[in-house]
Structure formats: C-alpha cells, structure tokens
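Student: Counting from 128, one number per residue, gives the positions in the sequence shown under our numbering.
Don't be surprised by glycine CBs; every beta carbon is placed ideally from N, CA and C.
Predicted, not measured: the structure shown is a model, and the values here were computed from it.
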Amino acid sequence: MTPTLEARHITKIYGEDDKKVVAVDDVTLALHAGEVLLIMGPSGSGKTTLLSMMGCILRPTHGQLFVSGQEVSTLHETQLPKIRRQHMGFVFQAFNLFPALTAVENVEVILRLKGYDRSTMRSKASALLSSVGLSKRAHAYPMDLSGGEKQRTAFARALAGDPPILLADEPTGNLDSRTGMEVLRLLRDLACDLSKSIAIVSHDPKAEALAHRVVFLEDGRLKQ
Ligand SMILES: Nc1ncnc2c1ncn2[C@@H]1O[C@H](COP(=O)(O)OP(=O)(O)OP(=O)(O)O)[C@@H](O)[C@H]1O
Ligand SMILES: [Mg+2]
Numbered sequence: 128m129t130p131t132l133e134a135r136h137i138t139k140i141y142g143e144d145d146k147k148v149v150a151v152d153d154v155t156l157a158l159h160a161g162e163v164l165l166i167m168g169p170s171g172s173g174k175t176t177l178l179s180m181m182g183c184i185l186r187p188t189h190g191q192l193f194v195s196g197q198e199v200s201t202l203h204e205t206q207l208p209k210i211r212r213q214h215m216g217f218v219f220q221a222f223n224l225f226p227a228l229t230a231v232e233n234v235e236v237i238l239r240l241k242g243y244d245r246s247t248m249r250s251k252a253s254a255l256l257s258s259v260g261l262s263k264r265a266h267a268y269p270m271d272l273s274g275g276e277k278q279r280t281a282f283a284r285a286l287a288g289d290p291p292i293l294l295a296d297e298p299t300g301n302l303d304s305r306t307g308m309e310v311l312r313l314l315r316d317l318a319c320d321l322s323k324s325i326a327i328v329s330h331d332p333k334a335e336a337l338a339h340r341v342v343f344l345e346d347g348r349l350k351q
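Set out below in structure tokens:
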C-alpha cells in the first residue's frame with residue numbers, strides 16, 4: 128500500500144556558515160493510513176522541523192517528500208498551499224485562531240471552503256467542537272478561551288476539512304490529564320475508524336501508550 132506520506136532522506140539546514148544548524152539530518156520514514164505515529168525526542172532535536180516538512184510548510188534542504196505517492200519536494204512554493212489544503216490538517220501552536228471569530232466560526236471558516244450551506248456548516252462545526260469537548264464554549268472568542276480550549280478549537284478546525292493526514296505538535300501540551308487523554312483517544316479513533324494518518328510530536332507518556340508506532344529523534348537523526 129502506498130504510504131500517505133513518505134520522507135526519503137530529508138534534511139533541513141537552517142542558516143549558513145557559523146550560523147548553520149542541521150535541524151533534521153537524513154530522515155527516512157513513512158506514514159500509512161490508519162496509523163498514529165508518535166515522534167519523540169529532546170528539546171531542539173528537530174521534531175517541529177520534521178513535522179513542518181512532513182506538512183509541506185517547510186521545504187527540505189535535501190531529500191524527497193511524497194504525499195499519496197506524489198513527489199511534492201520538487202513542486203514550486205506556490206503549489207504547496209493546495210497540497211496542504213487537500214491532504215493536511217494541522218494543530219501547531221503557531222497556527223493561531225482568527226481572533227475576531229468565535230470558536231465555532233473558526234471551525235466554519237474551513238467548512239465554508241468546502242462549500243457547505245450555512246445551516247449544515249453550523250451543525251457540522253458544532254458537532255466537531257463537541258467531539259473535542261468544547262460545545263459550551265462554542266461562541267467564545269479565542270482571547271476568552273484557555274490555552275487548552277484554544278488547542279481543542281484548533282483540533283476541531285483541523286478536522287473540519289476532513290483531511291487524510293493530521294499533524295499535531297504537542298497536542299496535549301496545554302491540556303489537563305483527562306482532557307489530554309480524551310484528545311489522544313480521539314486521534315486514535317480517527318486513525319482506526321476513519322483511516323486517517325496521524326503524526327504527533329509529544330512528550331506525553333499517554334501518547335506513547337496510544338500510538339501505533341514511536342520514533343525517536345536525537346540531534347536531527349532518527350534513533351533506530
Ligand atoms: N528558523 C530557524 N532558524 C534557525 N534555527 C532554527 C530555526 N528553527 C529551529 N531551529 C533550530 O533547529 C533545531 C531544531 O528545532 P526544532 O524546533 O525542530 O526542535 P524541537 O525538537 O521541536 O524542540 P522543542 O521540543 O523545544 O519544541 C534547534 O536547534 C533550533 O534552535
Ligand atoms: Mg518543537
């Protein structure tokens with residue numbers, strides 16, 4: 128079966144000369160449908176950089192990346208948003224919510240792109256928010272949400288486009304233990320029931336228990 132996402136010998140080098148940092152060094156890995164892959168490693172080991180390359184947010188300095196069998200590492204920068212829109216859902220802390228929109232409206236933005244009518248959009252957005260335990264705060268603005276609530280809104284938004292691949296950086300980082308467990312179970316259900324491909328970066332031991340596969344990064348390299 129063709130992997131949903133495949134990285135072949137990808138490397139990311141930031142800066143030049145004495146400022147050069149090899150953040151990810153010759154990483155080869157594949158992500159399949161129905162799988163939750165957990166990426167672990169110490170701070171600065173290249174986890175976010177790797178996930179960003181897998182999500183076509185950051186281009187590898189060297190190496191190849193394939194999304195559903197299509198090589199994307201050779202595509203022009205301007206073609207990447209389309210790849211991201213069709214294939215990826217992101218939960219990155221840097222991917223902020225729209226401050227002028229409520230939680231439910233933040234989710235609706237993605238549904239609107241899919242062409243749903245207003246009432247279907249609202250009921251789908253509400254269902255997504257309730258799946259992340261946020262129905263009570265659906266009409267709150269991001270500035271009035273806690274860190275964990277913002278993160279859960281970001282999850283609902285990432286799921287709204289129904290992407291085959293979901294990438295999450297520290298998805299339980301701001302959540303209390305119980306909510307974190309719920310989010311992880313939700314991810315596992317999405318992989319098992321809907322055949323999503325999910326890659327998460329986490330230090331959370333609960334994530335280790337729920338993931339199908341764990342890889343470790345150290346100084347940008349995969350530890351075998
Ligand atoms: N834009 C950048 N320019 C230069 N160096 C960078 C940049 N982004 C990250 N780095 C460096 O690349 C290395 C890997 O960073 P990355 O953010 O991928 O690590 P991480 O494993 O996600 O760490 P953390 O667990 O702290 O989030 C680090 O040494 C970091 O300082
Ligand atoms: Mg990081």
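#1: Is the separation between the beta-carbon of Leu177 and that of Ile184 shorter than 8 Å?
#2: Quick one: grab the DSSP three-state call for His214.
#3: Going by CA-CA distance only, name the one from Phe225, Gly196, Glu143 and Val231 that's closest to Leu158.
#4: Determine, using beta carbons only, whether Ser324 and Thr131 come nearer to each other than 8 Å.
#5: In terms of alpha-carbon separation, which member of Ser170, Asn223, Pro298 and Leu311 lies closest to Met270?
#6: Per the DSSP calculation, His189 is bridged to which residue(s)?
#7: What residue ranges within the stretch 194–258 form continuous alpha helix (DSSP H) runs of no fewer than 4 residues, ordered along the chain?
#8: Look up Thr155 in the DSSP assignment and say whether it is helix, strand or coil.
#9: How is Ala160 classed by DSSP in three states: helix, strand or coil?
#10: Is it true that the CB of Glu235 sits closer than 8 Å to the CB of Ala252?
#11: Near Leu294, which residues of its chain fall below 8 Å by C-beta distance, leaving aside the five closest residues on each side in sequence?
#12: Can you grab the Cα-Cα spacing for the pair Asp320 / Val194, in whole Å?
#13: Which whole-angstrom value describes the C-beta separation of Thr280 and Ala227, a residue pair presumed to lie in contact below a C-beta threshold of 8 Å?
#14: What does a CB cutoff of less than 6 Å around Leu207 pick up in its chain, not counting 5 residues either side in sequence?
#15: Three or more C-beta pairs under 8 Å: does that hold for the stretch 305–318 against the stretch 344–351?
#16: Is Gly173 closer than 8 Å to Arg135 when the C-beta atoms are compared?
#17: Take the Cβ of Gln278 as the centre, count every other Cβ of all protein chains shown within 10 Å, and call the residue buried at 16 or more, exposed below.
#18: Can you tell me whether Ser307 is buried or exposed, with buried defined as 16 or more other CB within 10 angstroms of its CB?
#19: Got a sec? Which residues, its chain only, sit under 8 Å from Val148 by beta carbon, not counting five neighbours each side?
Tutor: So, to answer that:
#1: Taking a C-beta distance under 8 Å as the contact criterion, Leu177 and Ile184 do not qualify as a contact pair.
#2: His214 falls in the helix class under three-state DSSP.
#3: Nearest C-alpha to Leu158: Gly196.
#4: Less than 8 Å separates the beta-carbon of Ser324 from that of Thr131.
#5: Nearest in C-alpha terms to Met270, of all of Ser170, Asn223, Pro298 and Leu311, is Asn223.
#6: Thr138.
#7: List check, alpha helix (DSSP H) in window: 207–214, 230–240 and 245–258.
#8: Looking at Thr155 - three-state DSSP - the assignment turns out to be strand.
#9: Ala160 falls in the coil class under three-state DSSP.
#10: Yes, these two residues count as a Cβ contact at 8 Å.
#11: Taken in chain order, the residues that qualify are Leu178, Met181, Gly182, Met215, Gly216, Phe217, Val218, Phe219, Ile325, Ala326 and Ile327.
#12: Per the coordinates, the alpha-carbon of Asp320 lies some 21 Å from the alpha-carbon of Val194.
#13: About 14 Å separates the two Cβ atoms, so there is no contact after all.
#14: So the qualifying residues of the chain are Cys183.
#15: Verdict: no, contact absent.
#16: The answer is no: Cβ separation not under 8 Å.
#17: So Gln278 counts as buried.
#18: Looking at the sequence itself, residue 307 is Gly, so the reference to Ser does not match. Answer is buried; the Cβ neighbour count reaches 16.
#19: Correct list, in chain order: Ile140, Tyr141 and Gly142.
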